[in-house]
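K.L.:
Read in order, the letters of the sequence shown correspond to residues 1 to 879 in the UniProt record's numbering.
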Amino acid sequence: MDEKNVPIRTYQVCNVMEPSQSNWLRTDWIPRSGAQRIYVEIKFTLRDCNSLPGVTGTCKETFNLYYYESNNDREHYIRESNFLKIDTVAADESFTQVDIGDRIMKLNTEVRDVKVTTRKGFYLAFQDVGACIALVSVRVFYKTCPLTVRNLATFPDTNTGADTSSLVEVRGSCVNQSEEREEPKMYCGADGEWLVPIGGCVCNLGYEEKSGACQACKVGFNRAVSTDGACSKCPPHSHSEKEGATVCDCNQGYYRSESDPASMPCTQPPSAPQQLISEVNETSVVLEWSAPLKLGGRSDISYSVDCLLCHGPENVLFSPQQSGLRATRVCVSELQAHTRYTFTILARNGVSQGHSAGAGQSVSVTLTTNQAAPSPVTSIQAGDVTRHGVSLAWQQPDRPNGVILEYEVKYYEKDQKESSYRIMKTASRSADITGLSPLTVYLFQVRARTAAGYGEFSGPLEFSTNSDPLPLIGDAANSTLLLLSISGGVILLLISAAVFIISRRRGKYSQAKQDSEEEKHLNPGVRIYVDPFTYEDPDQAVHEFAKEIDASNIHIEKVIGIGEFGEVCSGRLRLQGKREIYVAIKSLKAAYSDKQRRDFLSEASIMGQFDHPNIIRLEGVVTRCKPVMIITEYMENGSLDTFLRKHDGQFTVIQLVGMLRGIASGMKYLSDMSYVHRDLAARNILVNSNLVCKVSDFGLSRVLQEDPENAYTTRIPIRWTSPEAIAYRKFTPSSDTWSYGVVMWEVMSYGERPYWDMSNQDVIKAIDEGYRLPPPMDCPVCLHQLMLDCWQTERTHRPSFTQILNMLDKLIRNPTTTLRRTGGDRPVSSLLEPVAGPEFVSVWSAEDCLQAIGMGMYRDTLTTAGYTSPDSLLTLTHQ
């Protein structure tokens, strides 16, 4: 009987009088059902051994619990030794005979757990070793985390883990009409409780979250932005006719521009501007108006001015502008005099474009311009210049604004400014000016007159009359001979100084070249570059010069750019027996042609031949699977020009020279291999985390090889290319030297664009006329001089990269004296700067210079005139 005096079934044993008891009770086969840990709850009663009279020491007050795993229930007999013990179970409370008589039941409840993961099911067994015990009930169960919905993600029923401390990771699935915002996850704990959820889902546009589900927006509501929590009522002048609307459609006559957010009310174009007034001032008109009466519900209103029914030229000027006006006033000038014009002011806003409602938004005015003076005269030319006169001719003003009645010529000597001028009037477009002084500079200006008055004078035309005939006898002859002698002497002085300096510099280059030849002689076996385009099979060139890499060894992490053939990514490369390294990965886009594949891999065939610390290193290629890839070392700081602009002014001169030294070292290596880069520029130099500069981008030679005509006109980098390469397509190591000089200028100016905003044609013209880039700010004289040497017009006069490298090494070894002086330390004539070296100025005196070129007899004459130093000698002119 239980505590309520109700009969219950029990298993009982009480063989306490006999020694060595081992009584077994086994359950039927219990299926595991996916459980990894089972729990056994046992309810039982146990009699106190002391309450049993005559019992020997064999009485026990415990029993043992066992289990055995099996894949089926056909094992009718199982040896006791095959069972695994779970625990020895003892009673918390026991009963005596007296207790039974008083009908007081002392029921014990014990729970034990065990991991079961290897078989489909199991048996439980109970062993009595000599106790007086009654087994009342046995309950076997396992724990699960129940089905639940969190953050719009459904998590199914999940069994707990095998260990009491284990957590089972469960990935949730988004509910209907939702999508992942962040991967939804939760962990099922050993006690059957879900832990804090991670991530979740968000309702699709047109739906909102309610009670853990996504419900469609009602009619008249919409949800257009994923960040909005709930559906919003349609903005004014818009509607939605179905549930689940993402955008509310505008009502008839209302519009929304492409840039308007969906939450913005629909609007209309503005009405026409009001109260247009005009004010004519000769050939200029000022138009003013008031804002439209209806703005259409928008603030982005603007105005444009159209000129209709115009007569004559239409190249009029609008101030501040003709369209996109925010103000309600515009000035129109450069109109024709006595001409009829019609101006239309049109009002627009963000929804005006493309809608028929835009008609009727304008207001017009018709007016006639007044009489006006002519515009300035242009294109004055001088001819038949004599000792006392000159003939002038000019073109009619662009805007005569009437009949030209006469022209007025004003002229005066340049030294007298306009304090004393003379006027000559003529009805034609030419004039013969007489009574001028010989060998005198004059300024001439011309203006035109109509019935409305004079226009403005033209810009001054400057030229000099001829000199008197040279007397050949008497004292005048001596003066003439003296003038010619001095002039010839000065010219000889300048030429001799130039030859002297150039010869000294050539001596240095010759010595450096000799050193280079000796070095090459001492290092035989220099590799020679092999053009991959000489191979009939491009794959043969790739496999000869580049190592094939298994794609499984490459882990792409992120996209860092877009190249000519596809994406450029960064990632990691792990080869067997080597440490993992960061690499750059160029990939060939899908659906490529055979030519694109060959062009893509040709750069790898070129790079694979180079092995130098200042040349970008090729790690290998992937050609046996898609996508085809080129793997190179990863340069953390990117291209040199971008890196310098980002860190403007943050490096010392010696650091910049160190970067230049690395580039020169890489180019010397390429030159020694007989490879011409053709596209050397700061944008094609890569910088790693240690500020090591490496030459890259070997694609231009391929482009010029494949399509020389088209590539030459469209791809040639004019600002970095030597004159002979531009004019004659002559690419040599000397043309690379020219490009290196431009790279030096880029580095010292921290990535400034060479020749600034000049067009390519202007650059070519300026270089042909002898112009060279000036020294950047704080650039040492010696570095700018090296740039000028790289930019010698005659390519054989340019230094080799071996010579450049030797000179940079000398600068680095002795920076305190060679890199200290900048271009602002000494005034030198810009025409003579390429040949006026610092040694000439600092070591030689004026007397030394004159003696060296055989003109010492002129020392006193020049000293009296103030020419006492080499600097002053360089300022001598022909006069």
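No residue lacks a Cβ here, since even glycine has one placed at the ideal position from N, Cα and C.
(1) Does the distance from the C-beta atom of Ser70 to that of Trp29 stay below 8 Å?
(2) Label Phe141 either buried or exposed according to how many other C-beta atoms from any shown protein chain fall within 10 Å of its C-beta, with 16 as the threshold for buried.
(3) Thinking C-alpha only, which one of Arg112, Lys120, Ser749 and Asp113 is nearest Arg74?
(4) Report the option in Gly253, Ala327 and Ala262 whose CA atom is closest to the CA atom of Val247.
(5) Check Asn5 in the structure and name its three-state DSSP category.
(6) Note down the Cα distance separating Asn72 from Phe83, rounded to an integer number of angstroms.
(7) According to DSSP, what are the bridge partners of Ser872?
(8) Could you compute how far the alpha carbon of Phe651 sits from the alpha carbon of Pro815?
(9) Mind reading off the beta-carbon distance from Met629 to Ser593? Whole number of angstroms is fine, and I expect it under 8 Å.
(10) Taking C-alpha atoms, which residue in Thr793, Val390, Thr737 and Gln792 lies nearest to Leu805?
(11) Using the rule of at least 16 other Cβ atoms within 10 Å of the residue's Cβ for burial, across every protein chain shown, is Lys765 buried or exposed?
(12) With distances taken Cα to Cα, identify the nearest neighbour of Phe565 among Arg598, Ile581 and Leu691.
(13) Can Leu573 and Ile581 be called in contact, C-beta distance under 8 Å?
(14) Can Pro733 be considered in contact with the ligand FMN, in the sense that its beta carbon sits closer than 7 Å to one or more heavy atoms?
(15) Please say whether Cys145 and Thr158 have beta carbons closer to each other than 8 Å?
(16) Could you give the DSSP three-state label for Tyr867: helix, strand or coil?
(17) Taking C-alpha atoms, which residue in Cys132, Ala272 and Met1 lies nearest to Leu52?
(18) Using DSSP's beta-bridge definition, name the partner residues of Gly121.
(19) On the criterion of 16 or more Cβ atoms from any shown chain inside 10 Å, does Asp778 qualify as buried, or is it exposed?
(20) Evaluate contact between the segment 396-403 and the segment 298-310, counting only Cβ atoms and requiring at least three cross-stretch pairs below 8 Å.
(21) Using 10 angstroms around the beta-carbon of Asn349, count the other beta-carbons present and answer buried if the total reaches 16, otherwise exposed.
(22) Just list the residues that DSSP pairs Trp720 with in beta bridges.
(23) Should Gly770 be labelled buried (16 or more other beta-carbon atoms within 10 Å of its own) or exposed?
(24) Specify, as a first and last residue, the run of the beta strand (DSSP E) that Cys782 falls within.
(25) Can Thr434 and Tyr407 be called in contact, C-beta distance under 8 Å?
(26) Can you tell me the Cα-Cα spacing of Lys233 and Cys203, whole angstroms?
(27) Tell whether a beta-carbon distance below 8 Å holds between Arg772 and Leu788.
(28) Rounding to the nearest angstrom, what Cα-Cα distance links Glu536 and Val542 in this structure?
(29) Just curious, the alpha helix (DSSP H) that Val542 is in, first and last residue?
(30) Compare the Cα-Cα distances from Gly389 to each of Glu619, Leu439, Gly638 and Glu169 and report the closest residue.
(31) Name the one or two DSSP bridge partners that Asn553 has.
(32) In three-state terms, what does DSSP make of Lys595?
(33) Can you list the alpha helix (DSSP H) stretches of 4 or more residues lying completely in the segment 604-631, in chain order?
(34) So what does DSSP say about Trp394, is it helix, strand or coil?
(35) Identify, in the order they occur along the chain, each residue of the same chain with its Cβ nearer than 6 Å to the Cβ of Asn684, setting aside the five sequence neighbours on each side.
(36) From the DSSP output, in three-state form, read off Tyr187 for me.
P.N.:
Taking the coordinates as given:
(1) yes
(2) exposed
(3) Lys120
(4) Ala262
(5) coil
(6) 16 Å
(7) Ser872 pairs with nothing; no bridge assigned.
(8) 15 Å
(9) Wrong, their Cβ atoms sit about 17 Å apart, outside the cutoff.
(10) Thr737
(11) exposed
(12) Arg598
(13) yes
(14) As far as ligands go, the structure on display features none, and thus does not contain the ligand FMN.
(15) yes
(16) coil
(17) Cys132
(18) Pro31 and Ser70
(19) exposed
(20) no
(21) buried
(22) DSSP lists no partner for Trp720.
(23) exposed
(24) Here Cys782 belongs to no beta strand (DSSP E); instead the alpha helix (DSSP H) covers Val781 to Cys790.
(25) no
(26) 17 Å
(27) yes
(28) 12 Å
(29) Pro538 to Phe545
(30) Leu439
(31) DSSP, once it has assigned bridges, lists no residue as partnering Asn553.
(32) helix
(33) none
(34) coil
(35) Ser696 and Asp697
(36) strand
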